[in-house]
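Beneath this line is the structure, given in structure tokens, with notes to follow.
Right, dumping it as structure tokens:
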């Protein structure tokens, strides 16, 4: 595995790990015998943030060459 592929894999693992931690945090914070309406909104926001964030990271990595 070359250096660029290792960096891209590491960034992907960190990004997915961060999203998982955010989802767990939302689940623990907005738990009222199930996910509350505010928790659902926070979850949608977290997924939207993840998509934008990972897109920007991917764009930055692609322009690195």
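In our numbering, the protein residues as written are 20 to 84.
A virtual CB, placed ideally from N, CA and C, is assigned to each residue, including glycine.
All values reported here derive from a predicted model rather than from experimental measurement.
**Q.** C-alpha gap between residue 54 and residue 30, whole angstroms
**A.** 29 angstroms
**Q.** Nonlocal neighbours in the same chain, by C-beta distance under 6 angstroms from residue 73, ignoring five residues either side
**A.** 34
Q: Report the residue from 22, 27, 20 whose alpha carbon sits nearest the alpha carbon of residue 77.
A: 27
Q: Report yes if the C-beta distance between residue 69 and residue 38 is below 7 angstroms; otherwise report no.
A: yes
Q.
Just to confirm my understanding: we take residue 61, look at its own chain, exclude 5 residues before and 5 after, and list those with CB closer than 7 angstroms. What are they?
A. 45, 49
Q) Do you know offhand how far residue 65's Cα is from residue 42's? A) 8 angstroms
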